[in-house]
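Asks: In order, the protein sequences belong to chains A and B. Counted from 1, the first sequence has number 117 at position 117 by the numbering used here; the numbering is strictly sequential. Counted from 1, the second sequence has number 1034 at position 34 by the numbering used here; the numbering is strictly sequential. Yeah, the Cβ is synthetic: ideal placement off N, Cα and C, and Gly gets one too.
There are 2 protein chains.
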Amino acid sequence: MTIRILIADDHPVVRSGVRTMLENESDMVVVAEAADGVEILELYERHAPDVVLMDLRMPRQDGVAAIRAIVAAHANARIVALTSYEGDADIYRALDAGACGYLIKDMLGKEVVGAVRSAAAGKRIIPPGVASRLAEFVPRIDLTARELEVLQLTAKGLRNRDIARVIGRTEETVKVHLKHIMAKLGVEQRTEAVTLALQRGIIHLDD
Amino acid sequence: MTIRILIADDHPVVRSGVRTMLENESDMVVVAEAADGVEILELYERHAPDVVLMDLRMPRQDGVAAIRAIVAAHANARIVALTSYEGDADIYRALDAGACGYLIKDMLGKEVVGAVRSAAAGKRIIPPGVASRLAEFVPRIDLTARELEVLQLTAKGLRNRDIARVIGRTEETVKVHLKHIMAKLGVEQRTEAVTLALQRGIIHLDD
DNA sequence: ACGGTCATACCTCGTTCGTGGTATTGCGCG
DNA sequence: CGCGCAATACCACGAACGAGGTATGACCGT
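Structure representation (structure tokens):
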């Protein structure tokens, strides 16, 4: 009973690395590789893999959105999220969206293999040294859509007044949002709110 | 005449991906893999590879520092820097330190192979679509050591007063540094200076 | 010896930021 | 139906910030 796998990552280097790690196992075969979030859906439909290993940061469609899309159509899909950094907020969003586990890119081959095998068996995988992190983040940070938007614009270096103009609201309102954002993140300066959010993966610099 | 290669990257996934891409070529062999900046030196001495392919962001010792160390001892070393993002300021520092070229991680296998072959032949490689970028950055951003330090602390969310305390200087001095930093980066807000510097790879969030 | 740059420091002035409080509307949950 | 909460908005105030200018000592290269 071979495990059929779909790999999704925008970096060819990573795809071939993961492929190599997995295909050393006699019971695993990589049936397809997707380079972005939209391709994943097509390839999933076409190949119906047992396990999807996907990066969360991808072009065209966010990994979390891709997970939701797959799970919506295939409730029994087994998706393992692949991320570069521990403590990435996307991890929680991914698990929430229906991923059955996640891996960090600096893990060794055997861990990846083990995770995929567990996923195929229907288990939820949480890497050992990371379960603690998960607990550590119990005080989960939830920003509202508006707050996220304001934080995003703050990261671009806009002043409150300009943020207000962009979202079509008063500067006073922006200040209130920022106050709440800083309170939730436990910081006192907008700049720290931005860098902390970047570290936590709450916001990203592209887009 | 086979090309002997040393791969250096802290992510096992990336190492095996690069290895796979290269070992499909009959004239290439990966003689060693280093996981951090210190290991590179040891493995370089031991194996004397023809080409070193190394990530610039690594534990224990920065990639740029590793390049300097290798070049200092072996002036004829052929080092190709591997980076995740175009526009990373580390690219310039790497070329400056003696790297003979660089690659971006989302490149295809054949490009990587070609780059390694060119490097082995003694050519300087600058990927096509990226040469333009290089030119685009002619207005190269050079921050002084002090400015870099101030920017780093600013990224942590410190206020001018606190930065002054940390570096043992007056708040007025910090303001001047920040003014110069923002002028060099072409921005008007400290927060934008930070995010722009992060995008450009001028500063990093860890440490 | 001279020009350039870095780092330092001080001053002023207007702007922006962060905090406190109050208040209204609308939505979802029990 | 209330309760909580998100989002909106306004006010006031002190702290922090950014722009402008001036100046001095150190060092570096010419």
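Looking at A/Ala65: is its Cβ nearer than 7 Å to the Cβ of A/Val71?
Replies: No, these two residues do not count as a Cβ contact at 7 Å.
Asks: Please name the residue in B/Val1116, B/Asp1055, B/Gly1114 whose C-alpha comes closest to that of B/Lys1105.
Replies: Minimum Cα distance to B/Lys1105 is reached at B/Asp1055.
Asks: Quick one: does A/Ala214 have its CB under 7 Å from some CB of chain B?
Replies: Residue coverage of chain A in this structure runs from 1 to 207, which leaves residue 214 of chain A outside it and unanswerable.
Asks: Cα-Cα, which of A/Ser16, A/Ile163, A/Arg19 is closest to A/Glu149?
Replies: Measuring from the Cα of A/Glu149, the nearest candidate turns out to be A/Ile163.
Asks: Answer yes if the region 7 to 16 of chain A comes into contact with the region 1015 to 1025 of chain B, meaning at least three C-beta pairs across the two stretches below 8 Å, and no otherwise.
Replies: yes
Asks: Output yes if chain B places a C-beta closer than 7 Å to the C-beta of A/Thr20; else output no.
Replies: yes
Asks: Report the neighbours of B/Arg1190 on chain A: residues whose CB is nearer than 7 Å to its CB, in chain order.
Replies: Thr191
Asks: Assign A/Gly101 to one of three DSSP states: helix, strand, or coil.
Replies: strand
Asks: Given that B/His1011 touches chain A, what residues does it touch there, using C-beta distances under 7 Å?
Replies: Lys105, Asp106
Asks: In chain order, what residues of the same chain lie with their CB nearer than 8 Å to the CB of B/Arg1190, ignoring the 5 residues before and after it?
Replies: Thr1154, Leu1178, Met1182
Asks: Assign B/Asp1027 to one of three DSSP states: helix, strand, or coil.
Replies: coil
Asks: Going by the beta-carbon positions, is the gap between A/Ile79 and A/Val112 smaller than 7 Å?
Replies: Contact: no.
Asks: Going residue by residue through the region 56 to 89 of chain A, where are the continuous alpha helix (DSSP H) segments of at least 4 residues, counting only ones entirely within it?
Replies: 63 to 73
Asks: List the DSSP bridge partners of B/Met1054.
Replies: B/Ala1008, B/Ala1081
Asks: When you compare only the Cα positions, how much space is there between A/Leu103 and A/Thr170?
Replies: Going from the Cα of A/Leu103 to the Cα of A/Thr170 covers about 43 Å.
Asks: For A/Glu33, name the three-state secondary structure that DSSP assigns.
Replies: strand
Asks: Using the beta-carbon count (16 or more within 10 Å), is A/Asp142 buried or exposed?
Replies: exposed
Asks: In whole angstroms, what separates the C-alpha of A/Asp50 from that of A/Gly109?
Replies: 19 Å
Asks: Could you tell me the distance, in whole angstroms, from the CA atom of B/Asp1096 to the CA atom of B/Ala1089?
Replies: 11 Å
Asks: Is B/Ile1202 close to chain A? Criterion is C-beta to C-beta, closer than 7 Å.
Replies: B/Ile1202 is outside the set of residues whose beta carbon lies under 7 Å from a beta carbon in chain A.
Asks: Give the DSSP bridge partners of B/Ile1003, in chain order.
Replies: Partner(s): B/Met1028.
Asks: Taking just the CA atoms, how far does B/Ala1197 sit from A/Ile3?
Replies: 44 Å
Asks: What residues in its chain sit with their C-beta under 6 Å from that of A/Val38, if we drop five residues either side in the sequence?
Replies: Arg60, Gln61
Asks: So which of A/Gly201, A/Asn160, A/Ile67 has the shortest CA-CA distance to A/Glu42?
Replies: A/Ile67
Asks: Which residues, in order along the region 27 to 56 of chain A, keep a beta-carbon less than 7 Å from a beta-carbon of chain B?
Replies: none
Asks: Specify, as a first and last residue, the run of the alpha helix (DSSP H) that A/Arg165 falls within.
Replies: 160 to 167
Asks: Could you pull the DSSP bridge partners for B/Ile1125 from this structure?
Replies: B/Gly1101
Asks: Suppose only complete runs of 4+ residues qualify. What are the alpha helix (DSSP H) ranges in the region 164 to 196 of chain A, listed by chain order?
Replies: 171 to 185
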